[in-house]
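Participant: Residue numbers (this note's numbering), protein chains in the order written: chain A, 1 to 340; chain B, 341 to 703.
Shown below is the structure under consideration.
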Amino acid sequence: MSVSDSRAPRQDAQAPLLEVRDLKKHYPAARGLFRRAQRVIQAVDGVSFSVARGETLALVGESGCGKTTTGKAVLRLIQPTSGSVRLDGEELLDLPPERMREYRRHMQIIFQDPYASLNPRMTAGEIVGEPLRNFPAAGGRPRQQELAWLFSKVGLRPEAMRKYPHEFSGGQRQRLGIARALALRPRLIVCDEPVSALDVSVQAQVINLLMDLQQEMGIAYLFVAHDLAVVRHISHRVAVMYLGRIVEVADRDTLFSRPLHPYTEILLSAAPVPDPHRPAQRKLLPGDPPSPANPPSGCRFHTRCPLAQPVCRERQPALTERPGGPGATPGTQWVACHFR
Amino acid sequence: MKHEPNGQAAGAPQAGDALLEVDGLSTYFDTVEGTVRSVDGVSYRVRAGRTLGVVGESGCGKSVTALSILRLVPTPPGRYAAGEIRYRGVNLLSLTEKQMRKIRGNRISMIFQEPMTSLNPVLTVGRQIAETVMLHQKLGRREAYARAEEMLGLVQIAEPARRVHEYPHQLSGGMRQRVMIALALACNPEVLIADEPTTALDVTIQAQIIDLLRRLQAQMGMGIVMITHDLGVVAECCDRVVVMYAGRKVEEAPVAELFDRPLHPYTRALMASMPSMNAGRARLAEIPGMVPAPSELGRGCSFAPRCAYATGRCRAEAPPLEAHGADHVAACFEVERVAREPRPAAASPSRGPLRAAFDGTLA
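Written out as structure tokens, the structure reads:
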């Protein structure tokens, strides 16, 4: 099977598969000993994006930016505080639990730590077959046959079905997690740092597998990651998050060749380039990120931004579309910055 | 320089002088399933003011080699089966534990990947640094705390006078790693071993830490051993690189030479499988299979089962390290065939319009 070279975004006339509008997740902060005024941690604070069928949208950002919370809130593994999540036009946040359960078959998740997400007392066959037991109508084929097909899809031998998770290597465990996610032929898989716990050479195997499966089965990925090199390789579009908000969304090539938000630019320049002849052209970001329990006013990046002006402290910049270069497709780059 | 080392051994080394020599080191572990050869005949040299990168995947022996230098391998089950580790002409493996304690954390120190697990959670960071200098440098309490504060300032922690009295849990991940560096450098060591010092950190914090290590090295002149799996980190901060696979050194060269002319198939495969070295390629090059467990190593080259160039000879006998060029060694029978293939190239870095604005503000 061949994979086309360009990861250009699909121009799909249809409505997006997943549409997220103004999603918020606020946690109450632990109260102090003397019951100080209760604060709220704004883990995700008004995030909007959409994912087309068969598309990979990456959510990138550093620890605590809310990317994982966003991924889990989309699946309602975490109940969002407010906002809207539509899958194929159906509003998920209003669904009663039984109806939500039906929708779960269309949306699966792969976790970062494959070992922690596999039940050590179940065999590989039982683990991958569990979704088929919960949703019997899914495959159409007898379960054993379906299992064998799933194992071969992710590059595991059928004998592996009888083994337990501890008998697999890290990369193979991640393949098991992928097989389990595939079992119900979902339309969307949330990949939460799926390769960051793996060695480089094994990482490449899993990335290729995910891309092959997308090509073949038309699955959309919401790819949560911090590794920009991996994101650059696998995504069609990229959304950059900082302290609970999206600061920039663009198609992959635009973002990496012409980042507009100051934070995106710093983030991209911070990643080390494996070329000793190229002197590091790095901009160091001063200090540590502020706490989401007490985020800066206005633009949340203004405390560390080299372009910051008084207006940044006062007004939150909206995520708005930027004109691309000549011949650029409309809607390719959206930025939340007063000066860009 | 602000802090002159106290009790520094006579004759401060010049940049480029060999400080530490690992010579044919073998560290084995005796387990119920047999002997595990975690490190098998590894040699490298650490020079003053230079950074040696040690690269490889999990289980290649890069960390066990580093732990062996500090004699931190638990024995048993571990044992130093062969070789020497010479520091200033003395074989560290022959020292008593008491003698070793004078070197560890004082002349040779180490920083680890997980700063939270290597700091004591119930002591303030100032006390942890102060204790180290009181022990090794025989400073009084007050002077030791002053030194702790100075060290925190040196690693660019804001408000060191306040942070000295804080506990590790009150600091962010990046700050904890800076505290670890302050602790490791408090006694002005000649050799600093950094074991994946930035792996657990975010990229912008990683950039800060690498920049800090480089600046401190220019100031204090220590030799650094940078253990990492990230070739990007190697390209940015190392002068020389050792590539390890399954307990052995498979290639060593100056950093530019290694990236321009990688000779071992494993080095090449490692580069080709990194997304950041796949400019414009649709598929990443995979290394088939996985790293062999040390217990299942055969007679031949340990990379042969995964190697695209392997021949019958590779499976039958282990290739020795041989010189290919003035300052480049590799352990492979098929070097000539490998060298004819084009090498993997790095993706071009992203360029934003900010450069000028940043150069002023963030210098």
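Even glycine gets a Cβ: it sits at the ideal position worked out from N, Cα and C.
This structure is a prediction, so every number in the text was calculated from the model and none was measured.
(1) Under DSSP, the alpha helix (DSSP H) around P605(B) begins and ends at which residues?
(2) Using DSSP with H/G/I as helix, E/B as strand and the rest coil, what is Q333(A)?
(3) By alpha-carbon positions, which one of Q144(A), P186(A), A124(A), A148(A) ends up nearest to E167(A)?
(4) S117(A) CB to nearest chain C CB: under 7 Å?
(5) Since R300(A) and L285(A) are thought to touch, with beta carbons under 8 Å apart, how far apart are those beta carbons, to the nearest angstrom?
(6) At what residues does the alpha helix (DSSP H) containing C654(B) begin and finish?
(7) Quick one: using the 10 Å Cβ neighbour count with 16 as the cut-off for buried, is M1(A) buried or exposed?
(8) I'd like to know if the segment 519-534 of chain B and the segment 467-476 of chain B are in contact, where contact means that at least 3 CB-CB pairs between them fall below 8 Å.
(9) For G177(A), report the span of its alpha helix (DSSP H) as first-last.
(10) Work out the CA separation of E321(A) and V240(A) for me, nearest whole Å.
(11) Please check if any C-beta of chain B sits within less than 7 Å of the C-beta of L209(A).
(12) Is R304(A) close to chain B, meaning its C-beta is less than 7 Å from at least one C-beta of that chain?
(13) Can a CB atom of chain A be found closer than 7 Å to the CB of A686(B)?
(14) Please confirm whether L459(B) has its beta-carbon closer than 7 Å to some beta-carbon of chain A.
(15) Determine contact between the segment 46-63 of chain A and the segment 115-131 of chain A, defined as no fewer than three beta-carbon pairs at a distance below 8 Å.
(16) Secondary structure at M566(B), three-state DSSP: helix, strand or coil?
(17) Given V582(B), which residues of its chain have a CB within under 6 Å of its CB, disregarding the five upstream and five downstream residues?
(18) Listed from N- to C-terminal order along the chain, which residues in the segment 38-63 of chain A have their beta-carbon within a distance smaller than 7 Å of any beta-carbon of chain B?
(19) Please list, in chain order, all residues of the same chain as V128(A) whose beta carbon is under 8 Å from its beta carbon, the five residues on each side excluded.
(20) Tell me, please, whether the segment 357-364 of chain B touches the segment 375-390 of chain B by the rule of three or more beta-carbon pairs shorter than 8 Å.
(21) Tell me, please, whether the segment 402-422 of chain B touches the segment 537-555 of chain B by the rule of three or more beta-carbon pairs shorter than 8 Å.
(22) Nearest-angstrom Cα distance between R105(A) and Y164(A)?
(23) Distance check for F256(A) and T70(A), CA to CA, integer angstroms please.
(24) How is the beta strand (DSSP E) around T375(B) delimited, first residue to last?
(25) Since P292(A) and L243(A) are thought to touch, with beta carbons under 8 Å apart, how far apart are those beta carbons, to the nearest angstrom?
(26) Name the chain B residues whose beta carbon is nearer than 7 Å to that of Q205(A)?
(27) Can you tell me where the alpha helix (DSSP H) holding C191(A) begins and where it ends?
(28) Can you name the start and end residues of the alpha helix (DSSP H) that M630(B) belongs to?
Facilitator: On the basis of the coordinates in this document:
(1) If you number the second sequence from 1, residue 605(B) lands on position 265. Note, P605(B): alpha helix (DSSP H), 605-613.
(2) Within the first sequence, the letter at position 333 stands for residue 333(A). Correct three-state label for Q333(A): strand.
(3) Within the first sequence, the letter at position 167 stands for residue 167(A). The residue with the shortest Cα to Cα distance from E167(A) is A124(A).
(4) The displayed structure is made up of protein chains A and B, and chain C is not among them.
(5) Residue numbering aside, residue 300(A) sits at position 300 when the first sequence is read from its first letter. Residue numbering aside, residue 285(A) sits at position 285 when the first sequence is read from its first letter. Rounded, the Cβ-Cβ distance is 14 Å, inconsistent with contact.
(6) The sequence position of residue 654(B) within the second sequence is 314, counting from 1. Looking at the DSSP string, the run of the alpha helix (DSSP H) that includes C654(B) is 652-656.
(7) Here residue 1(A) corresponds to residue number 1 of the first sequence, with the count starting at 1. Per-residue confidence for M1(A) stands at a pLDDT of 37, beneath the threshold of 50, marking its modelled position as unreliable; no derived number is given.
(8) Taking one beta carbon from each stretch, the segment 519-534 of chain B and the segment 467-476 of chain B have 3 or more pairs nearer than 8 Å; the two touch.
(9) The count along the first sequence starts at 1 and reaches residue 177(A) at position 177. Here the alpha helix (DSSP H) through G177(A) covers 170-182.
(10) Taking the first residue of the first sequence as position 1, residue 240(A) is located at position 240. Taking the first residue of the first sequence as position 1, residue 321(A) is located at position 321. Going by the C-alpha atoms only, they are around 15 Å apart.
(11) Here residue 209(A) refers to the residue found at position 209 when the first sequence is read from its first residue. With 7 Å as the cut-off, L209(A) does not count as an interface residue toward chain B.
(12) For the purposes of this step, residue 304(A) is taken as the residue at position 304 of the first sequence. For R304(A), the answer is no, since every Cβ of chain B falls outside 7 Å of its Cβ.
(13) As a first step, residue 686(B) must be located in the second sequence, where it is residue number 346. True, the Cβ-Cβ gap to chain A drops below 7 Å.
(14) If you number the second sequence from 1, residue 459(B) lands on position 119. L459(B) does not count as touching chain A.
(15) Not touching, per the Cβ criterion.
(16) One-based indexing of the second sequence puts residue 566(B) at position 226. In the structure shown, M566(B) sits in a strand (DSSP, three-state: E or B).
(17) Reading the second sequence from its first residue, position 242 is the one you call residue 582(B). Taken in chain order, the residues that qualify are Y384, V394, K589, E592.
(18) E62, S63
(19) On the first sequence, position 128 is the one that residue 128(A) refers to. Closer than 8 Å at the Cβ level, and outside the excluded window around V128(A), lie L147, L150, F151, M161, L176, A179, R180, A183.
(20) yes
(21) Taking 8 Å as the limit for Cβ pairs, the verdict is that the segment 537-555 of chain B does not touch the segment 402-422 of chain B.
(22) Taking the first residue of the first sequence as 1, we reach residue 105(A) at position 105. Taking the first residue of the first sequence as 1, we reach residue 164(A) at position 164. About 25 Å.
(23) Stepping through the first sequence from its first residue, residue 70(A) is reached at position 70. Stepping through the first sequence from its first residue, residue 256(A) is reached at position 256. Taking the straight line joining both Cα atoms gives about 23 Å.
(24) Locating residue 375(B) in the second sequence gives position 35, where the first residue counts as 1. Taken as a continuous stretch (DSSP letters only), the beta strand (DSSP E) holding T375(B) covers 374-387.
(25) What you label residue 292(A) is simply residue 292 of the first sequence in a count that begins at 1. What you label residue 243(A) is simply residue 243 of the first sequence in a count that begins at 1. Contact between P292(A) and L243(A) holds: CB atoms are separated by about 6 Å, below the 8 Å threshold.
(26) What you label residue 205(A) is simply residue 205 of the first sequence in a count that begins at 1. Result: E626.
(27) Your numbering for residue 191(A) matches position 191 in the first sequence. First-last for C191(A): 188-192, but that is the beta strand (DSSP E), not the alpha helix (DSSP H).
(28) What you label residue 630(B) is simply residue 290 of the second sequence in a count that begins at 1. Per DSSP, M630(B) belongs to no alpha helix (DSSP H) and is neither H nor E.
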